Amino acid sequence: MLLHLGRVLLLVVSSADTAREILKTQDLNFCTRPSLLTLKRLSYNIQDVALAPYNEYWREMRRIFVHKLLSPKRVHSFGAVRAEEVANMVNSISKSCSSMRSVDLAEELLSLTNRVICRIAFGKSYQGRNFDGGKFSEFVHKFMALSGSFSALELHYLKIVVKETLRLHTIAPLLIPRECMNHCKVNGYDISPKTRVMVNVWAIGRNPEYWDNPDMFFPERFEGSSIDYMGQHFEFLPFGAGRRICPAMTMGNLHVELALANLLYCFDWKLPSGMQIEDIDMEEGTGISLHKKSPLLLVPSKYNW
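Throughout the sequence shown, residue numbering follows mature numbering (1 follows the signal peptide of the UniProt record, and there is no 0), covering -18 to -1, 1 to 287 in sequence.
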């Protein structure tokens, strides 16, 4: 679909075949970013890896970013940081169990993400909580031992739950805009230079042409399937594809799986004050993607292994 937004041409891609054409076949011609005032204000005049235009500066920055932080070797080396910060979160939530105090999971998970990123990038914790040094050190060692105790079968189902969540509730409904650099043809249509392109991964992920019962949460659809989020299956693009694919997707997915596995393994969860599922306030808030206006509050209790 081609939209005329004043003098700006915007191509919205909502099919896997056209996404393949844009993100793979003609990736080099569509791998730059438009220069937008909003992006300049958000990213120090477009100096970051995600929003910078495709040029020598971007290529060098991405090379350094991946080599120093996101290569498989580096991601593996940060495993202890992830485990320790997840242990911090579990320990914090454990303190709510005895008092039956509700927990804002969104706040806990956001704080966890910030701490992990800051420790990896700067070597310092973000808004660290105070713990008894000796007791907490012992707790971390026990926790890391438990982290390796999940069976392959248990983690397999967790992985397909994460996949289905990324399909149905994608991180962002539209990929970060790209811009056509040179005149080309896409599916027989002429595309002019400076045309902006947005890939509608929300629509692709719910297209009945690619998915049975697309609006149903059904993790088992990925059982025995080779479909993944690495940018080669264009019906499933939560992290994009091509040169501008999210370089942190592997680290992000490991972070999500570890946090989710331990939240489910260590605690039982229920709604506060006798609430029923139908009592949950589902009013929508505003943002890049829809989310609950009011946070989800749950009461944890320690799970007896």
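Here a beta-carbon is modelled for each residue, glycine too, at the ideal position from N, C-alpha and C.
Keep in mind it's a predicted model, so treat the numbers as computed, not measured.
### Query
Are the region 67 to 77 and the region 90 to 106 touching, with three or more C-beta to C-beta distances below 8 Å?
yes
### Task
Can you have a look at E161 and say buried or exposed, based on whether 16 or more other CB atoms are within 10 angstroms of its CB?
buried
### Query
Start and end of the beta strand (DSSP E) containing H(-15)?
L(-17) to L(-14)
### Query
Is it buried or exposed for Q214, if we count other Cβ within 10 angstroms and need 16 for buried?
exposed
### Message
Between the alpha carbons of V(-11) and G269, how many angstroms are there, rounded?
### Response
23 Å
### Query
Using a Cβ-Cβ cut-off of 8 Å (strictly less than) and excluding sequence neighbours within five positions of E217, which residues of its own chain qualify?
A(-3), I186, G187, N189, Y192, W193 and I209
### Message
Less than 6 Å between C-beta atoms, sequence neighbours within five positions excluded: which residues of the same chain meet that for K22?
### Response
I28
### Message
Among the candidates L52, L(-17), P220 and R41, whose CA atom is the shortest distance from the CA of T147?
### Response
P220
### Message
Tell me the DSSP secondary structure of H49 in three-state form.
### Response
helix
### Message
Within 10 Å of its beta-carbon, does F104 have 16 or more other beta-carbons around it, so buried, or fewer, so exposed?
### Response
exposed
### Boundaries of the beta strand (DSSP E) in which R178 is found, first to last residue
R178 to V181
### Query
Considering only C-alpha positions, which residue in the set R83, M180 and Y39 is nearest to V(-6)?
M180
#### Entry: Backbone CA spacing between L137 and L245 [nearest angstrom]
13 Å
### Message
Measuring alpha carbon to alpha carbon, tell me which residue in P277, C13, M163 and L240 is nearest L253.
### Response
P277
### DSSP bridge partner residues for V281 (one or two, in chain order)
K252
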